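J.: Under my numbering, the first residue of the sequence shown is numbered 10, with each subsequent residue one higher. Note that the Cβ used here is the ideal one computed from N, Cα and C, for glycine as well. Fair warning: this is a prediction, and the values are worked out from it, not measured in the lab. Let me begin by handing over the structure; questions about it come next.
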Amino acid sequence: MRPLQFVIILAFIITGGMLYAQDTINLSDKYVLLGIIQDGDTILISSIDEVIFFKSHKFNTRREWRRYHRLVRHVKKVYPFAKMAGEKYDIVAKNMLSLETDKERRQYIKQVEKEIMDEFEDDIRDLTMTQGRILLKLIDREIGETSYDLLKELKGSFTAVFWQTLARIFGQNLKSEFDPDGEDKLLNEIVILIENGQL
């Protein structure tokens with residue numbers, strides 16, 4: 010037996026004894042494997058990122074292919090705004106609970122509105138009508154409430170009706186709900202793929 014083979018076999022024997030006795034195995038300072046000991050055997054536990062598969066899309070024409078990829082581009086552009094809206098809404102809802110009077114709540118909403126406009130007004134104004142429609146759907150997906158309901162809750166019924174009327178003039182609807190199993194199924198698939206880094 011060669012010395013190198015002997016060292017390798019010895020390392021396996023020593024490592025095997027260590028595996029049997031420990032719940033975690035330190036391979037180095039950076040890599041630690043988790044394991045459980047069951048009936049005298051050590052079973053290594055490893056987690057991997059979830060990968061989601063959807064039925065592949067068949068495009069009959071080049072036009073359908075372009076329409077799909079255009080939708081992907083639109084979603085990639087507006088999805089960060091929807092995520093930010095969801096995070097901001099959680100913060101606002103939590104802070105609103107600590108405010109005691111309507112006046113404090115109105116002042117706080119005005120302050121948040123100004124912060125959002127200062128930070129995102131130019132980006133939001135650059136959105137196309139289609140991107141705006143997608144953003145409304147994705148905000149509903151993130152928050153669980155339509156944009157109309159959010160406006161009504163935060164700014165009052167009059168403001169919500171005013172903006173809904175204005176939106177309807179331009180062919181939009183603040184009351185449109187996100188339907189992941191119906192008309193927004195493809196949109197939902199694209200968002201899930203983006204969230205998982207698959208698109």
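#1: Rank 88, 205, 206 and 59 by C-alpha distance to the C-alpha of residue 132 and give the top, closest one.
#2: Could you tell me the boundaries of the alpha helix (DSSP H) in which residue 159 lies?
#3: Specify the secondary structure class of residue 145 as computed by DSSP and reduced to three states.
#4: Tell me the DSSP bridge mates of residue 209?
#5: Whole angstroms is fine: what's the gap from residue 117's alpha carbon to residue 181's?
#6: Taking only the alpha-carbon atoms, compute the straight-line gap between residue 200 and residue 192 and give it to the nearest angstrom.
#7: Would DSSP call residue 197 helix, strand or coil?
#8: For residue 116, name the three-state secondary structure that DSSP assigns.
#9: Given this structure, state the Cα-to-Cα distance separating residue 59 from residue 70, to the nearest angstrom.
#10: Would residue 102 and residue 151 qualify as a contact pair, given that the criterion is a beta-carbon distance under 8 Å?
#11: What number of angstroms, rounded off, separates the C-alpha of residue 198 from the C-alpha of residue 128?
#12: For residue 188, which of helix, strand or coil comes out of DSSP?
#13: DSSP three-state call for residue 65: helix, strand or coil?
#14: Report the rounded CA-to-CA distance for residue 137 versus residue 205, giving the unit in angstroms.
#15: Report the residue from 115, 140 and 143 whose alpha carbon sits nearest the alpha carbon of residue 168.
#16: Using a Cβ-Cβ cut-off of 8 Å (strictly less than) and excluding sequence neighbours within five positions of residue 108, which residues of its own chain qualify?
#17: Using the Cβ count rule (16 or more neighbours within 10 Å means buried), how would you classify residue 48?
#18: Take residue 146 as the anchor and find which of 170, 52 and 188 has the nearest alpha-carbon.
#19: What are the start and end residues of the alpha helix (DSSP H) that includes residue 109?
#20: Between the alpha carbons of residue 195 and residue 104, how many angstroms are there, rounded?
T.: On the basis of the coordinates in this document:
#1: 88
#2: 156-164
#3: helix
#4: Nothing can be reported for residue 209, as the shown portion of the chain is limited to 10 through 208.
#5: Going from the Cα of residue 117 to the Cα of residue 181 covers about 28 Å.
#6: Between residue 200 and residue 192, the C-alpha separation is close to 14 Å.
#7: helix
#8: helix
#9: 32 Å
#10: Between residue 102 and residue 151, the gap from beta carbon to beta carbon reaches 8 Å or more.
#11: 29 Å
#12: coil
#13: If DSSP states are grouped into helix, strand and coil, residue 65 belongs with coil.
#14: If I take the Cα positions, the gap works out to 26 Å.
#15: 115
#16: Its chain contains 114 and 117 as the residues whose beta carbon lies nearer than 8 Å to that of residue 108, once the 5 sequence neighbours on both sides are disregarded; these appear in chain order.
#17: By the beta-carbon neighbour count (other beta carbons within 10 angstroms, threshold 16), residue 48 is exposed.
#18: It is 188 whose Cα lies nearest to the Cα of residue 146.
#19: No alpha helix (DSSP H) holds residue 109; DSSP gives it neither H nor E.
#20: It is roughly 35 Å from the alpha-carbon of residue 195 to the alpha-carbon of residue 104.
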